[in-house]
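S.K.:
2 protein chains.
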Amino acid sequence: MNYAERYRTELLDRVIPFWLRHSLDREHGGYFTCLTREGNVYDTRKYLWLQGRAVWMFSKLYNELEPRAEWLDAARLILDFLRRHGRDSEGRYYFSLTRQGEPSFYQRKPYAAVFAMLGMLEFAKATGDAALRDEAIELFWKIRRWIEEPALLGRPALSGAPRMTALADIMVLASMATEIARIDSDPRYRDVLTWCLTASRAHYDEDRRIFMEYSGTRELPEGRLFCPGDSIEAAWFLLHALEFHPDDAMQRTLLDAIEGSLEFGWDREHGGLYYFMDVDGLPPLPLESNMKLWWPHTEAIYATVLAYSLTREDRWLKWLERVDTYAFSHFSDPEHGEWFGYCDRQGNLTNTAKGNNYKGCFHVPRMLLMSLGRLNGMTGSARPR
Amino acid sequence: MNYAERYRTELLDRVIPFWLRHSLDREHGGYFTCLTREGNVYDTRKYLWLQGRAVWMFSKLYNELEPRAEWLDAARLILDFLRRHGRDSEGRYYFSLTRQGEPSFYQRKPYAAVFAMLGMLEFAKATGDAALRDEAIELFWKIRRWIEEPALLGRPALSGAPRMTALADIMVLASMATEIARIDSDPRYRDVLTWCLTASRAHYDEDRRIFMEYSGTRELPEGRLFCPGDSIEAAWFLLHALEFHPDDAMQRTLLDAIEGSLEFGWDREHGGLYYFMDVDGLPPLPLESNMKLWWPHTEAIYATVLAYSLTREDRWLKWLERVDTYAFSHFSDPEHGEWFGYCDRQGNLTNTAKGNNYKGCFHVPRMLLMSLGRLNGMTGSARPR
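Chains as they are written, first to last, in our numbering: chain A, 1 to 385; chain B, 386 to 770.
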């Protein structure tokens with residue numbers, strides 16, 4: 001099993017260099033994410049989900065792999081731009097800015113703020129900047145309120161809106177609270193994690209062993225929607241949360257959720273994980289449902305590595321090999337670096353972009369870095385600090 | 386050329402019966418659009434773009450094909466529901482309602498109102514209801530303001546938002562104003578059509594002979610975006626507008642736009658019209674860009690029929706045959722009626738729904754009815770009144 005070596009090479013020789021070489025905007029700050037296969041910019045806007053995610057990613061590499069100045073510099077270039085231009089007067093984050101930083105589009109969702117928060121916190125860990133850490137934590141509580149009251153983000157509260165919780169909201173609360181709990185022993189963050197673990201049960205389909213996208217009625221398409229990538233990512237987020245709430249039964253359930261999602265989400269005819277499925281086999285509303293996207297596969301790779309590191313059971317190695325083989329043969333681009341993002345059901349690339357308004361420097365390097373950490377920890381070689 | 390007979394059979398034996406049999410909600414009003422291949426309801430929400438479109442469609446059948454009571458009844462069932470539940474206190478239209486009529490989602494766009502307006506106007510033509518006609522016309526002027534000032538719909542005016550006009554806005558203004566101008570000689574509607582014809586020039590790419598989705602800079606992906614279906618539909622909307630502004634040079638340009646869109650938008654490898662393309666071959670942002678959807682093909686069929694009826698040139702018959710063959714072999718469902726909506730690039734169905742939140746009783750029957758009218762007009766048989 002030479003995964004660790006391969007992942008390290010992919011990360012350090014092909015993925016991170018692609019972003020450092022092509023994406024940073026030294027003139028106006030921030031980074032470009034709309035890059036062609038070769039790394040040419042085809043849209044100069046700055047998409048804020050991805051600005052925050054890259055701050056987090058470069059800071060994490062600096063904190064956990066090695067303290068390279070160029071990684072911290074890249075994080076700072078993006079963070080400064082994000083903090084200078086990303087927010088409106090009420091502290092809500094835009095979805096996109098022009099290259100220069102003028103607000104371009106506002107989405108009535110909390111996720112741009114989530115990734116800004118995670119980026120600030122990780123950068124603060126790197127630099128020891130207590131004021132920035134406090135700013136991140138203050139934003140965490142704001143986001144929690146926005147999730148409870150979406151009207152604060154401008155989304156009208158309508159009497160007939162489906163009454164469902166979104167798995168995505170549990171996921172972002174769990175990931176943020178886990179990161180804070182690692183540096184702050186205040187019990188309130190552990191309480192949020194308890195809430196997330198409990199709330200996730202309403203999304204869990206025991207028969208199929210998967211997390212559903214929305215809790216509640218199965219009469220609406222949303223209530224039948226299963227996103228293998230989200231289900232798997234939610235499971236590993238919650239496994240991380242168990243650091244603070246050890247619970248063997250819950251651990252078994254979360255491992256089951258990874259396996260169940262792989263089994264139900266895998267296309268037995270053409271291989272790969274579907275983007276969306278209706279669990280009753282009815283038509284899903286998103287047109288791109290049967291496509292194969294890069295990120296469910298990165299989540300599945302890390303989740304199987306994590307599951308193997310926790311259990312040492314062979315079944316995880318079988319899934320790891322299957323997903324790794326599909327992902328590297330369809331998405332990795334040894335010639336130009338970073339990964340392609342989008343295949344049709346049969347596995348043909350539908351476009352060759354390396355990034356766009358939702359794909360940036362995040363899922364691929366995060367998977368590689370975290371898998372590397374787990375794999376090195378297991379084989380006895382130096383675990384990244 | 387037995388297109389007319391085939392289209393009449395498709396319309397009256399397979400398309401309209403599908404909707405009449407499966408979609409009408411006799412209990413709460415309105416109609417369901419989320420129907421499986423066989424006509425089972427998989428989402429009971431009422432999507433308002435489609436409610437308005439069906440009112441228009443059933444009224445148009447009644448007005449132009451024959452005055453069947455069941456068509457007018459269907460239109461009334463949907464219109465009553467739409468008028469009772471569709472609007473907020475400021476007269477803005479929701480995107481979706483629950484089955485019972487509670488507001489479910491609000492979209493910051495004017496299009497739900499556009500189709501409500503068209504439906505009311507056509508129903509008023511059928512019944513001679515002057516108050517309803519006035520209500521429709523009043524709504525037309527509201528929509529025009531909303532298009533000029535999207536902030537009135539709750540979309541914040543941001544300093545960095547791309548300064549572009551949307552082809553869709555020209556299209557809806559042209560289609561509404563044409564319908565009004567046919568029953569109201571007030572010169573203001575003809576002035577709107579003059580504005581539309583002039584504004585369309587900023588979208589016209591003379592080299593490729595296509596209408597671009599957005600006017601303005603080609604630096605952003607939106608500025609390079611070409612939707613063959615919209616380009617073709619815009620061309621035939623504007624050809625209709627020429628009823629009120631005869632202009633041979635403009636007619637030639639619009640015919641060129643139909644031909645250019647077919648040539649540039651046609652997939653020479655797998656057949657069919659792409660959904661979206663970047664004219665410079667860069668990656669388009671919508672994930673579903675290279676899919677083949679039913680409606681660009683319905684627009685192309687009617688546009689080629691219209692072009693042939695205006696010119697009697699053989700080139701249009703060649704395109705009609707090619708598009709008709711692709712559309713009927715991929716989308717039509719002789720077994721259960723109505724058409725499938727979504728294929729991947731290779732032409733495989735990606736789901737088998739007959740309707741969803743954006744597909745209802747509209748594009749297929751509109752194409753069949755209008756093509757029939759043109760074809761019958763040409764062959765000398767009784768033209769529908």
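All C-beta atoms in this analysis are idealised placements derived from N, C-alpha and C, irrespective of residue type, glycine included.
As the structure is a computational prediction, the values presented were derived from the model and not from experiment.
1) I want to know whether the region 680 to 697 of chain B touches the region 359 to 374 of chain A - three or more CB-CB distances under 8 Å.
2) With a floor of 3 residues, list each beta strand (DSSP E) that falls wholly inside the region 725 to 758 of chain B, ordered by position along the chain.
3) Less than 8 Å separating the beta-carbons of B:Cys581 and B:Ala620?
4) With a threshold of 16 other CB atoms inside 10 Å of the CB of A:Thr9, please say whether the residue is buried or exposed.
5) Using the Cα positions of A:Asp134 and A:Asp247, report the straight-line distance between them to the nearest angstrom.
6) Just the C-alpha distance for A:Thr350 and A:Tyr275, rounded to the nearest angstrom, thanks.
7) Do A:Glu64 and A:Leu20 have their CB atoms nearer than 8 Å?
8) Between B:Phe508 and B:Ser444, how many whole angstroms is the CB-CB distance? I'm expecting something under 8 Å.
9) Which residue's Cα is closest to the Cα of A:Val364: A:Gly347, A:Gly337 and A:Arg345?
10) Can you give me the C-alpha to C-alpha distance between B:Pro495 and A:Glu335, rounded to a whole angstrom?
11) My guess is that A:Asp344 and B:Arg730 are in contact by the Cβ rule of under 8 Å, so how many angstroms apart are they, rounded?
12) Is it buried or exposed for B:Ser560, if we count other Cβ within 10 angstroms and need 16 for buried?
13) When we look at the beta-carbon of A:Thr325 and count the other beta-carbons within 10 Å, is it buried (16 or more) or exposed?
14) Going by the CB atoms, is the gap between B:Gly545 and A:Glu5 shorter than 8 Å?
15) Report the three-state DSSP secondary structure of A:Val41 (helix, strand or coil).
16) Classify B:Phe622 as helix, strand or coil using the three-state DSSP reduction.
17) Quick check on this structure: which residue in A:Glu206, A:Ser231 and A:Ala181 has the alpha carbon closest to the alpha carbon of A:Asp169?
18) For A:Leu320, which residues in the same chain have their Cβ closer than 6 Å to its Cβ, ignoring the five residues on either side in sequence?
19) Give the interface partners of A:His69 over in chain B, defined as CB-CB distance under 9 Å, in chain order.
20) Please classify A:Gly91 as buried or exposed, where buried requires at least 16 other C-beta atoms within 10 Å of its C-beta.
21) For B:Ser489, report the span of its alpha helix (DSSP H) as first-last.
22) For chain C, find out if any of its Cβ atoms is closer than 8 Å to the Cβ of A:Ala353; answer yes or no.
23) Would you list the residues sitting across from A:Met291 in a DSSP beta bridge?
24) Going residue by residue through the region 148 to 214 of chain A, where are the continuous beta strand (DSSP E) segments of at least 3 residues, counting only ones entirely within it?
25) Could you give the first and the last residue of the continuous alpha helix (DSSP H) run that contains B:Pro495?
26) My guess is that A:Met164 and A:Tyr214 are in contact by the Cβ rule of under 8 Å, so how many angstroms apart are they, rounded?
27) Identify the continuous alpha helix (DSSP H) that holds B:Val440 and give its terminal residues.
28) I'd like to know whether the C-beta of A:Glu122 is nearer than 8 Å to at least one C-beta of chain B.
29) Given this structure, state the Cα-to-Cα distance separating A:Phe211 from B:Ser714, to the nearest angstrom.
30) On the CB-based measure, 16 or more other CB atoms within 10 Å of its CB, does A:Phe56 come out buried or exposed?
31) So, at 7 Å on beta carbons, what are the nonlocal neighbours of B:Glu533 in its own chain, with the 5 sequence-adjacent residues on each side left out?
32) Can you check whether the CB of A:Ser104 is closer than 8 Å to the CB of A:Leu97?
33) For B:Phe490, decide whether its Cβ has a neighbour in chain A, counting only Cβ atoms nearer than 8 Å.
34) Should B:Trp526 be labelled buried (16 or more other beta-carbon atoms within 10 Å of its own) or exposed?
35) Among the candidates A:Phe226, A:Asp80 and A:Lys125, whose CA atom is the shortest distance from the CA of A:Met277?
36) I need the DSSP call for B:Ser474, collapsed to helix, strand or coil.
M.R.: Taking the geometry as given:
1) no
2) 734 to 736
3) no
4) exposed
5) 30 Å
6) 14 Å
7) no
8) 5 Å
9) A:Gly337
10) 46 Å
11) 7 Å
12) buried
13) exposed
14) no
15) strand
16) helix
17) A:Ser231
18) Thr304
19) Reading the sequence as shown, one finds Ala at residue 69 of chain A and not His. Within 9 Å Cβ-Cβ: nothing; A:Ala69 doesn't reach chain B, min ~32 Å.
20) exposed
21) That residue, B:Ser489, is in no alpha helix (DSSP H); its beta strand (DSSP E) goes Pro488 to Phe490.
22) The structure shown contains no chain C; the protein chains it does contain are A and B.
23) DSSP output for A:Met291 lists no bridge partner at all.
24) none
25) Premise fails: B:Pro495 is in no alpha helix (DSSP H) and is neither H nor E.
26) 4 Å
27) Leu433 to Glu449
28) no
29) 38 Å
30) This sequence places Trp at residue 56 of chain A; Phe is not what is there. The residue in question, A:Trp56, is buried, as its Cβ has 16 or more Cβ neighbours within 10 Å.
31) none
32) yes
33) yes
34) exposed
35) A:Phe226
36) coil
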